[in-house]
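For reference, the structure discussed in these notes is given below.
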Amino acid sequence: MMKNSQQQHSNYHQRQHLDYKSDSSKATSSKRKQFTNVVIARSKILGFHPEESPSFQNNAFNKVIVKYNHEGFYDKSRVISLSDVHRTNGVVAHVTDNILSTRSQEITISKVKIRFVLVPHDSLTIGKSVACAMATQKVGAAEFEVITEKPYEWCSPADFLHGAKQFNDFVGACPDAFAGLRRLWLCNMRFGELDIPNILSTCKLLESLRLTECDARIHPVLQVEHAELVELEIDYGEFERVELIYLPKLRRVRYKSWFSYKDPVYFGFVPQLSKPSLSKTGTRWDKTLELSQLLANVPSLSDLHLNFESEKIWVLPECPKPLKHVLTKLQHVNLDHLPEGRDLDWTMFILEAAPFLKELCITVWDHWCIMMTDEKFRKENGYCEKEDVKWKPYAPDFRHKNLVKLTIYGFQPDDNFVRYIRFVMKHAVNITEISLHDRKVCGSCGTLGLEVCPSRYPRTAKKRRQTIAMVGLTSQQKIYFRS
Numbered sequence: 001m002m003k004n005s006q007q008q009h010s011n012y013h014q015r016q017h018l019d020y021k022s023d024s025s026k027a028t029s030s031k032r033k034q035f036t037n038v039v040i041a042r043s044k045i046l047g048f049h050p051e052e053s054p055s056f057q058n059n060a061f062n063k064v065i066v067k068y069n070h071e072g073f074y075d076k077s078r079v080i081s082l083s084d085v086h087r088t089n090g091v092v093a094h095v096t097d098n099i100l101s102t103r104s105q106e107i108t109i110s111k112v113k114i115r116f117v118l119v120p121h122d123s124l125t126i127g128k129s130v131a132c133a134m135a136t137q138k139v140g141a142a143e144f145e146v147i148t149e150k151p152y153e154w155c156s157p158a159d160f161l162h163g164a165k166q167f168n169d170f171v172g173a174c175p176d177a178f179a180g181l182r183r184l185w186l187c188n189m190r191f192g193e194l195d196i197p198n199i200l201s202t203c204k205l206l207e208s209l210r211l212t213e214c215d216a217r218i219h220p221v222l223q224v225e226h227a228e229l230v231e232l233e234i235d236y237g238e239f240e241r242v243e244l245i246y247l248p249k250l251r252r253v254r255y256k257s258w259f260s261y262k263d264p265v266y267f268g269f270v271p272q273l274s275k276p277s278l279s280k281t282g283t284r285w286d287k288t289l290e291l292s293q294l295l296a297n298v299p300s301l302s303d304l305h306l307n308f309e310s311e312k313i314w315v316l317p318e319c320p321k322p323l324k325h326v327l328t329k330l331q332h333v334n335l336d337h338l339p340e341g342r343d344l345d346w347t348m349f350i351l352e353a354a355p356f357l358k359e360l361c362i363t364v365w366d367h368w369c370i371m372m373t374d375e376k377f378r379k380e381n382g383y384c385e386k387e388d389v390k391w392k393p394y395a396p397d398f399r400h401k402n403l404v405k406l407t408i409y410g411f412q413p414d415d416n417f418v419r420y421i422r423f424v425m426k427h428a429v430n431i432t433e434i435s436l437h438d439r440k441v442c443g444s445c446g447t448l449g450l451e452v453c454p455s456r457y458p459r460t461a462k463k464r465r466q467t468i469a470m471v472g473l474t475s476q477q478k479i480y481f482r483s
């Protein structure tokens, strides 16, 4: 399990590096065009002088975004020392202080977003600057992205504990800044039993919390209570269980790669939760989740996203009777990264239990850069061989009257897909649109998937006509080839 965990963490950080790089380039382009946002990335920060910008003199901007870009952590061709990290982070703190202290108090700041390394002196500078801005002028939304000096792969258990201690000290030193914070993203920290509750009680206005590579030192159950929280995201959360006790405004939950052999989440009082998203690389040791139990306390469920990461299907296709009270308001379903070459009919259990479902989207994809391919490793760590999910329709002649759109990514003109589309059309009597896409393309694995299994997606008019003929359509139905 540990090797598997490390591989997943490595893949995550590679993707994170690409996201940050893209984000910085887009933001810099925006700054050059209109000075609406002030975005400072590592490559630009040392040459940026706020006092020389007409936008600073005229108070023409209303968003302040200062980011430490730590892409060098993941570039093996570069050596980034701690002194480099501290030097660059010091500039982030200085620029943040300079920007906020020179702002006219008459101008509302609609957004303050700061990504920085958790270094005590710099953090204190940033925290006090933000607190002062909140006290002296209107700040619409403040956001902190807090990263540690080392990426996950370099962290020892002591580093995780040290990161949490540093952050707790930071919160204690700058309570006014955190009292007005709206969004918070924390990475690589191991918290004590009361740390998260104390942080949430200080961040009274917090609307979004994201935890990446975080866990609990003593109490492996993460309990969350907050009156204002709208969004919760957990990436690689090594908690035994996440309990959402009292979250009256929570609408979105995303949990990726839990490390528990039980139900990963308990939904307590979450009356507005409408969009849960769960992602997991399933093994034979993982519990198969029953949605009727997992989502029993989610009365407003409208959108459901399940990502199987090209491996085992970890939900049980249940009969509709216990599921109907859970899925009665469900309108949109996204089943992501289903393994290639397997029967898809089992997905119909959702249609049977969700009478008001409008759109069903499935992605069939063996995503090679996130999959483990070494046979010995797969066997030792519980990875499963591909097999069809066993399912039979509860009512073979059931009719679904509200599904209007079926979207398939990774479509191939073979018996498996054609049979599935026919099956959906047979039961979804009012479906009008079937959108077919080729396999998704990943920037990290490039053409590897095509080399392993070349795509046969129909691209010519002749092949598309053949596909339509294979499926067979009524007058109200239409297939759209989107790739």
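Numbered per full-length UniProt numbering, the sequence shown spans residues 1 to 483.
From the three backbone atoms N, C-alpha and C, an ideal C-beta is built for every residue, glycine too.
Computed from a prediction, not measured in an experiment: that's the story for all the values here.
Taking all protein chains shown into account, decide if residue i is buried (16 or more other Cβ within 10 angstroms of its Cβ) or exposed.
| i | result |
| --- | --- |
| residue 180 | buried |
| residue 261 | exposed |
| residue 441 | exposed |
| residue 82 | exposed |
| residue 25 | Residue placement at residue 25 cannot be trusted, given a pLDDT of 38 that sits under 50; what the coordinates show is reported in the next sentence. Exposed is the call here. |
| residue 127 | buried |
| residue 312 | buried |
| residue 383 | buried |
| residue 85 | buried |
| residue 349 | buried |
| residue 122 | buried |
| residue 320 | buried |
| residue 158 | exposed |
| residue 422 | exposed |
| residue 108 | exposed |
| residue 375 | exposed |
| residue 428 | buried |
| residue 347 | buried |
| residue 110 | exposed |
| residue 216 | buried |
| residue 453 | exposed |
Quick check: the Cα distance between residue i and residue j, rounded to an integer number of angstroms?
| i | j | result |
| --- | --- | --- |
| residue 131 | residue 96 | 12 Å |
| residue 307 | residue 361 | 12 Å |
| residue 291 | residue 223 | 21 Å |
| residue 325 | residue 139 | 42 Å |
| residue 169 | residue 400 | 56 Å |
| residue 154 | residue 322 | 46 Å |
| residue 393 | residue 249 | 37 Å |
| residue 492 | residue 301 | Any answer about residue 492 is impossible in this case: the structure gives the chain only from 1 up to 483. |
| residue 146 | residue 474 | 55 Å |
| residue 194 | residue 164 | 12 Å |
| residue 408 | residue 113 | 37 Å |
| residue 106 | residue 182 | 21 Å |
| residue 465 | residue 317 | 34 Å |
| residue 116 | residue 166 | 13 Å |
| residue 417 | residue 89 | 52 Å |
Pull the bridge partners of residue i from the DSSP assignment, please.
| i | result |
| --- | --- |
| residue 120 | DSSP, once it has assigned bridges, lists no residue as partnering residue 120. |
| residue 277 | 254, 305 |
| residue 364 | 338 |
| residue 436 | 408, 481 |
| residue 383 | Residue 383 pairs with nothing; no bridge assigned. |
| residue 208 | 183, 231 |
| residue 191 | 216 |
| residue 241 | 221 |
| residue 114 | 66, 144 |
| residue 359 | 332, 405 |
| residue 289 | 315 |
| residue 266 | 243 |
| residue 86 | Residue 86 is not bridged to any residue. |
| residue 428 | 400 |
| residue 139 | 109 |
Identify, in the order they occur along the chain, each residue of the same chain with its Cβ nearer than 6 Å to the Cβ of residue i, setting aside the five sequence neighbours on each side.
| i | result |
| --- | --- |
| residue 210 | 185, 233 |
| residue 263 | 294 |
| residue 467 | 413, 458 |
| residue 479 | 434, 468 |
| residue 134 | 180 |
Using C-beta distances below 8 Å, list every residue in its chain close to residue i, excluding the 5 sequence neighbours before and after it, in chain order.
| i | result |
| --- | --- |
| residue 8 | Its pLDDT being 47, under 50, residue 8 is placed unreliably in this model, and the coordinates cannot settle the point. |
| residue 402 | 355, 356, 357, 358, 430 |
| residue 314 | 280, 282, 286, 287, 288, 289, 308 |
Assuming the contact rule is C-beta atoms closer than 8 Å, residue i and residue j should be a hit. Round their C-beta distance to whole Å, please.
| i | j | result |
| --- | --- | --- |
| residue 364 | residue 340 | 6 Å |
| residue 439 | residue 410 | 5 Å |
| residue 329 | residue 356 | 7 Å |
| residue 220 | residue 202 | So it is not a contact: roughly 23 Å between Cβ atoms. |
| residue 259 | residue 238 | 5 Å |
Give me, in chain order, the residues of the same chain whose beta-carbon lies closer than 7 Å to that of residue i; leave out the 5 immediate sequence neighbours on both sides.
| i | result |
| --- | --- |
| residue 342 | 386, 388 |
| residue 178 | 171, 202, 203 |
| residue 160 | 188, 189, 190 |
Run the proximity test for residue i: is its beta-carbon closer than 7 Å to any non-hydrogen atom belonging to the ligand PLP?
| i | result |
| --- | --- |
| residue 199 | The ligand PLP is not part of this structure, which contains no ligands at all. |
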